[in-house]
Structures are given as C-alpha cells and as structure tokens.
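Student: For the sequence shown, our numbering assigns the number 1 to the initial residue and increments by one for each residue that follows.
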Amino acid sequence: MNGMKTKCGTKGTEKWTGYHMKRKLIPYLFVAPAMLVLIAFKVLPICVSIHGSLFKVGARNIRHFVGLQNFINLFQDNIFYISLKNTVVFNLMTTPVEICFAFILAAVFNQNLPGIKVFRTIFYIPVCISMAMATTVWALMMNPYQGLLNTFLGYFGIGWQGFLTDPGQALGCIMMIAAWKTIPYWMMFMLAGMQSIPESVYEAARIDGASTIKSIFKITIPLMKNTFGFVVISNSIQNLLLFAPMYIQTNGGPKNATNVLMLEAYKSAYSYNNMGRSYAIVVILIVVSILFLNAQNKFFKIVD
C-alpha cells in the first residue's frame, strides 16, 4: 500500500511539475517573436559594429585586425570632433523644442471644440510625408535665390538669408525641418497621455479653486511622467540617428556645419570605403546614446 501511495504520489508530483513548467514556458513563447526581432535588428548589429571596428578592410576586401587603431585615428581627426559636437548640439536643441511644442499642441487639441478632429488630422499630415520628400520640398523653399522663404521674408523688410548655404544657419534650418516633421508625431503620444487622466481629477481641482495653468503643472504634467519619459527617450534616440535631411540637403556642409556622426559613418562606409572607421563611429554613437539615456533616466528618477 505504501509503495502504491508513493508511486501515485510521484506521478501526481510529476504531472503537477509538468503543468507548472508549461505555465512558466507559455509567457516566454509569447515574448519569443519580439525577442527574436530585437536580437536580429538591435543586438546583432551592435555586436557586428563592435567586431567590425577592430578591423580594417584592405585590398580585395581582406580584413586585417588593427585593434583600437580605428578609434585612435578618429580621436585625431578634427572632422570627427565637429560631427560629435553637431550631433550633441542638434539633440540638446531639438529634443526640448519638439517636446514642448508637442505638449502645447496636445493641450490645445485635447479641448472639446467643434471640428477638433479635423484639425488634429491636418496637423498630423507632416508625419505621413516621407522624410526624403519633406526634406526636398523644404530645400526648394529655402533656396537662397529662387526659394519662397526669402521672397516671403522680403515682404517684411527682412534681408536675404543664406539658409542651408550659410554655415551659421544650416544646422538651425535642419532643426526646424526635423521639428516640423516630428512634433505632430509626439503630439499624439502626449494627447493619449492627457486623455488617460480621469476628468474627475480636474473637477476636484476646479472645486478647490485651481486655475487652468495650475492644473497643468500640478496635475497634467506629474500624471504624464511616464509619457514624458517615453517620448523624451525615444525622441533623443531618433535625433541621434537622424541623418537623411543632412545627407539630402547639404551632405554635411557647408564647411561641415551639418555633419553629424551618423552621416559621417555613412560617408566613411560608402564614400571613403573605410568600413573600420564607419563601425568605430557607430560604436561611439552607441556610447553617446547610452550616456544620453542614462542622464535622462536619472533626471526622471530625480523628478519622481
């Protein structure tokens, strides 16, 4: 009898253990496709870049191991420092502007006004236009001699502007184009965050005598902390990797005023045929991205 009990008990335990094992494996099966995509398109390219930065491609595509020589050459190159500076400045200037305007537009479009859905659609149109098309159209309008912008500014007595041909204005012009294209996209995330806040919270604040401005700073912004965190981090990564407007409009000019790390990596690979240098720039760009993300995470923890 005891033997039979022990045998039955063992079978029951095995079944119970198998059931628990299946329950533990099921969540991983659901996550597996996303993990495979993440590994294939995120982790693997990073590993390839790190590995490739340690080699130099010679004649007949023969690879030679050079260790950290590609990085040493970069840190002795003035163009690399200019690209690094432009990348950091572009991110520090563009990201706050895009987030602020996205929040303001979201606050406006969150009002229950007649025809508000139509206006939301109109303001979202720039997101539907490809970056290449938007960049080309803006380049035509910013043409110093035949563009519409100089003609328009002339009506207000503002003199001729070089725009993309002026080293002092070129990067700012590209910032404006990037902001025009990106603000409506992040506006929708902000709008979703605002609409997730219960109306009862605002009603309680109004009963206590809180003004609209006070409600925004005391209720809306604190309750949207997670939304702000996601938008700021995602926007920073996007701006760090952006290079299409620079490539299409100026190719890094004039005088390297719009040359950013991603564009320099592209030119190193396909213009200079120096894959080792390109991989090294990508690795440094990854490090810069990690530093930005770390700083932003610490900021949101402090705010919390």
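For each residue, glycine too, the CB sits at the ideal point set by N, CA and C.
Rounded C-beta distance between L293 and L84? I'm assuming under 8 Å.
Tutor: Rounded, the Cβ-Cβ distance is 17 Å, inconsistent with contact.
Student: Would G162 pass as a contact of Q169 if the rule is Cβ separation under 9 Å?
Tutor: For G162 and Q169, yes; Cβs fall inside 9 Å.
Student: So, do the stretch 142-157 and the stretch 192-209 have three or more beta carbon pairs nearer to each other than 8 Å?
Tutor: They do not touch, by the three-pair rule.
Student: Look at the alpha carbon of I284 and the alpha carbon of N86, and state the distance between them as a whole number of angstroms.
Tutor: Whole-angstrom Cα-Cα distance: 14 Å.
Student: To the nearest angstrom, how far is the alpha carbon of F300 from that of T220?
Tutor: Using only the alpha carbons, I get a separation of about 16 Å.
Student: Could you spell out where the alpha helix (DSSP H) holding F119 opens and where it closes?
Tutor: Element bounds for F119: 116-128.
Student: With DSSP as the reference, identify every bridge partner of F90, one or two as the case may be.
Tutor: Beta-bridge pairing links F90 to no other residue.
Student: To the nearest angstrom, how far is it from the Cα of D77 to the Cα of I281?
Tutor: Their backbone Cα atoms lie some 12 Å apart in a straight line.
Student: Of the choices I26, L74, Y28, A40, whose alpha-carbon is the least far from that of Y279?
Tutor: Residue L74 is the option with its Cα nearest to Y279.
Student: What do you reckon, are the CB atoms on G252 and E264 nearer than 9 Å?
Tutor: Their beta carbons are under 9 Å apart, which means G252 touches E264 by this criterion.
Student: Quick one: give me the first and last residue of the beta strand (DSSP E) that A57 is part of.
Tutor: According to the sequence displayed, residue 57 carries Val and not Ala. Taken as a continuous stretch (DSSP letters only), the beta strand (DSSP E) holding V57 covers 55-57.
Student: Rounded to whole angstroms, what is the Cα-Cα separation between L268 and I116?
Tutor: In the sequence on display, residue 268 carries Ser and not Leu. In a straight line, the C-alpha of S268 is about 47 Å away from that of I116.
Student: Quick one: measure Cβ to Cβ for F103 and M175, integer angstroms, because I've assumed they're closer than 8 Å.
Tutor: Incorrect: roughly 18 Å between the Cβ atoms, too far for contact.
Student: Apart from the five residues just before and just after A244, which ones in its own chain have a Cβ nearer than 8 Å to its Cβ?
Tutor: Excluding residues within five positions, the ones whose Cβ falls inside 8 Å are M131, A132, T135.
Student: On the criterion of 16 or more Cβ atoms from any shown chain inside 10 Å, does L291 qualify as buried, or is it exposed?
Tutor: Flag for L291 reads exposed.
Student: Taking only three categories from DSSP, how would you classify F189?
Tutor: Correct three-state label for F189: helix.
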